[in-house]
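Asker:
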């Protein structure tokens, strides 16, 4: 690429093309652990995005002051600080949510998505661009967690965001809210998204061939 | 050498800023967290002691204990929060007890980390309502697969026997401790 | 007996990978070959044991003592990061063969959430010093067990005809799901 990609591109790439969960397979621990319900998934993703955005901003601001040898340690320190803030604020303002996410909030510290973005992006780009990138990655994370949480909640409890969607005679599949269900659902979703991508590429390729043949024929 | 100083200075500086920031946030959050916990305990007291109108914390014990009163300020008994280990982690409960500590009036699960969909069901009313008006002598027993036939029995949740039994054990432990204190109090 | 239950529960019944989803990254990334998976498991167990000891001491002797609990996460992650670095240097000094076997896995361990998870769980469960050590060794053994089993299955999988979109991470996750189901069978083995 000769010039820098546009800002909107910086944001959109996190949603699908570089989706942290489906494409980069990063941050799977919290993804699997908290997606028992859609609301838990959303809360986790928002907390993670908050940490991601602020860490990216700070790291990008001080990127020229940090010696390379201690950069990872510095990033981790900054990330851990914001995670503690999120944890305290959630405990104070949203005790119910904080309880249901339990020990997975502090584990945001070691969510590879966050450290990965600092190392790969925020340490090399301007603060504004880094924040946009963080927002994009956060939204991609939110999307993945919401899809996974909704699926598991619909099949596992017959509800979505607490509202009943399945008919009364529906017997919830307990396996969906058990750990095993988390692994199976994410595995299937990833496989399907890979399938979709290869399928789309195949169609595009065929279209090009068709077009070429058409041009040749005339 | 210059580099080492630079490295140390950077880390120290980040550490100091982070520490200062966190202590500010923590100062702000701590009273709220304590208030939340208090509000939740208060709500739970009135759930496990349905006739209660007011309560008072008993300070003479080395664990949390509340005495509850009805509208005419007559003592109804106690509300006892207690905690112990479940299947996956700590479980915190609160129970309502009558004055003679031989009847359980209600149970609320305040905190638990059990498996969602299985063990976590111990916090649901379908399970906790079994503990209403439960006889405490000799102690509570969890039975499995059969309908409870004695007034001191409850039925364990299928697939979550360990969590169900953990709740029963925590209640029994708490009551044992309370009774021990009451006995020594009478002797004095 | 109590200590044995803590060990067994952390290793099998409440396996870190299969029930708490901790350490999934290396679980998916380094489970291609039994030999490397086993080395990764050993390295992780080693760091987990030391982490259990050091973080317990820091939490109870410094943080609780001076009312600095809010620094829990910051100090734990710093301790783990420096610990991993230290262990790496130490192994390099004392045994070259061991360093060659474990060396490349050590840096990866810093971001293994199982390590930080372990430190947090020990605080959460209010374990005593000795209990914490047993919990740490158990969690490490459980991680080794899970990742080695997974590697064994994946070695066989190389000759299986997996649909193309499912190759790699997706099929690994699906197998992990089936393993998690199998491990649920252990839950009846401890009661209370």
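Protein chains in written order, with the numbering used here: chain S, 3 to 220; chain Z, 14 to 201; chain F, 4 to 195.
C-beta: ideal position from N, C-alpha, C; glycine also.
The structure presented is a predicted model; accordingly, all values stated were derived computationally and were not measured.
Would you verify that the beta carbon of residue 113(F) is, or is not, closer than 9 Å to some beta carbon of chain Z?
Answerer: Taking Cβ atoms only, chain Z never reaches closer than 9 Å to residue 113(F), which makes this a no.
Asker: Quick check on DSSP: helix, strand or coil for residue 97(F)?
Answerer: In this structure, residue 97(F) counts as helix in the three-state DSSP scheme.
Asker: Any C-beta of chain C sitting closer than 9 Å to the C-beta of residue 76(S)?
Answerer: Although the question refers to chain C, the structure presented lacks it and instead comprises the protein chains S, Z and F.
Asker: Drop a sphere of 10 angstroms on the beta-carbon of residue 181(S), count the other beta-carbons inside from all chains shown, and report buried for 16 or more, exposed for fewer.
Answerer: Buried: at least 16 other Cβ atoms inside 10 Å.
Asker: In chain Z, which residues lie with their C-beta within 7 Å of the C-beta of residue 86(S)?
Answerer: Residues of chain Z passing the Cβ test: 35.
Asker: Three Cβ pairs or more, each shorter than 8 Å: is that satisfied between the segment 106–122 of chain S and the segment 67–85 of chain F?
Answerer: Flag = yes, the segment 106–122 of chain S and the segment 67–85 of chain F touch.
Asker: Assuming contact is defined by CB atoms lying nearer than 9 Å, are residue 97(S) and residue 46(Z) in contact in what I supplied?
Answerer: Their beta carbons are under 9 Å apart, which means residue 97(S) touches residue 46(Z) by this criterion.
Asker: Which residues in the same chain as residue 68(S) place their Cβ atom closer than 7 Å to its Cβ, once the five residues preceding and following it in sequence are excluded?
Answerer: Answer for residue 68(S): 76, listed in chain order.
Asker: How long is the line joining the alpha carbons of residue 174(F) and residue 196(S), rounded to whole angstroms?
Answerer: Cα to Cα, the separation comes out at about 12 Å.
Asker: Is the segment 6–17 of chain S touching the segment 175–190 of chain S, taking contact as three or more C-beta pairs under 8 Å?
Answerer: They do not touch, by the three-pair rule.
Asker: Tell whether a beta-carbon distance below 9 Å holds between residue 155(Z) and residue 168(Z).
Answerer: Yes; because the gap between Cβ atoms is below 9 Å, this pair is in contact.
Asker: In chain F, which residues lie less than 7 Å from residue 101(Z) when you measure between Cβ atoms?
Answerer: Those are 17, listed as they occur along chain F.
Asker: Expressed to the nearest angstrom, what Euclidean distance is found between the alpha-carbon atoms of residue 99(S) and residue 213(S)?
Answerer: If you take the alpha carbons of residue 99(S) and residue 213(S), they lie about 54 Å apart.
Asker: Does the distance from the C-beta atom of residue 149(F) to that of residue 51(F) stay below 9 Å?
Answerer: Taking 9 Å as the Cβ cut-off, residue 149(F) and residue 51(F) do not qualify as a contacting pair.
Asker: When you compare the CB positions of residue 63(S) and residue 136(S), do they come within less than 9 Å of one another, or not?
Answerer: No, they are not a contact pair.
Asker: For residue 8(Z), which of helix, strand or coil comes out of DSSP?
Answerer: Nothing can be reported for residue 8(Z): it is not among the residues displayed for chain Z, which extend from 14 to 201.
Asker: Helix or strand or just coil, what does DSSP make of residue 105(Z)?
Answerer: If DSSP states are grouped into helix, strand and coil, residue 105(Z) belongs with the strands.
Asker: Nearest to residue 139(Z) by CA position, among 149(Z), 150(Z), 119(Z), 151(Z), is which residue?
Answerer: Checking every option, the nearest Cα to that of residue 139(Z) belongs to 119(Z).
Asker: If you drop the 5 nearest sequence neighbours on each side, which residues of the same chain put their C-beta closer than 7 Å to that of residue 217(S)?
Answerer: None.
Asker: Does chain F have any CB closer than 9 Å to the CB of residue 183(S)?
Answerer: Yes - at least one Cβ of chain F is within 9 Å of the one on residue 183(S).
Asker: One question on the structure: do residue 118(S) and residue 40(S) come within less than 9 Å of each other, judged by their Cβ atoms?
Answerer: Taking 9 Å as the Cβ cut-off, residue 118(S) and residue 40(S) do not qualify as a contacting pair.
Asker: In its own chain, which residues sit with a C-beta less than 6 Å from the C-beta of residue 19(S), not counting the 5 before and 5 after it?
Answerer: Contacts found: none.
Asker: Chain F partners of residue 130(Z), CB-CB under 9 Å?
Answerer: Result: empty, since nearest Cβ-Cβ is about 12 Å, beyond 9 Å.
Asker: Under a three-way DSSP split, which group does residue 5(F) fall into?
Answerer: Helix, per DSSP.
Asker: At least one CB of chain F closer than 9 Å to the CB of residue 64(S): is that the case?
Answerer: No, because no Cβ of chain F sits closer than 9 Å to the Cβ of residue 64(S).
Asker: What first and last residue would you give for the beta strand (DSSP E) that runs through residue 173(S)?
Answerer: It is not in any beta strand (DSSP E) - residue 173(S) carries neither H nor E in the DSSP assignment.
Asker: Do the segment 130–150 of chain Z and the segment 85–94 of chain Z make contact, defined as three or more Cβ pairs closer than 8 Å?
Answerer: The segment 130–150 of chain Z, when compared against the segment 85–94 of chain Z, does not touch it at the 8 Å Cβ threshold.
Asker: At a Cβ cut of 7 Å, what residues of the segment 38–58 of chain Z count as close to chain F, listed as they run along the chain?
Answerer: Result list: 39.
Asker: Rounded to the nearest angstrom, what separates residue 89(S) and residue 43(S) at their Cα positions?
Answerer: Cα-Cα distance, rounded: 16 Å.
Asker: Going by the CB atoms, is the gap between residue 157(S) and residue 177(F) shorter than 9 Å?
Answerer: No.
Asker: Where does residue 166(F) land, buried or exposed, given buried means 16+ other C-beta within 10 angstroms?
Answerer: Its Cβ having fewer than 16 others within 10 Å, residue 166(F) is exposed.
Asker: Helix, strand or coil for residue 119(Z)? Go by DSSP, reduced to three states.
Answerer: Strand at residue 119(Z).
Asker: Report yes if the C-beta of residue 191(Z) is less than 8 Å from at least one heavy atom of the ligand ADP; otherwise report no.
Answerer: Absent from the structure shown: the ligand ADP. Ligands present: none.
Asker: So which residues on chain F does residue 217(Z) lean against when the C-beta distance must stay under 7 Å?
Answerer: With chain Z running from 14 to 201 in the structure shown, residue 217(Z) is simply not present.
Asker: Count the other CB atoms within 10 Å of the CB of residue 154(S); is the residue buried (16 or more) or exposed (fewer)?
Answerer: Residue 154(S) comes out buried.
Asker: Helix, strand or coil, according to DSSP, for residue 190(F) in the structure here?
Answerer: It is helical.
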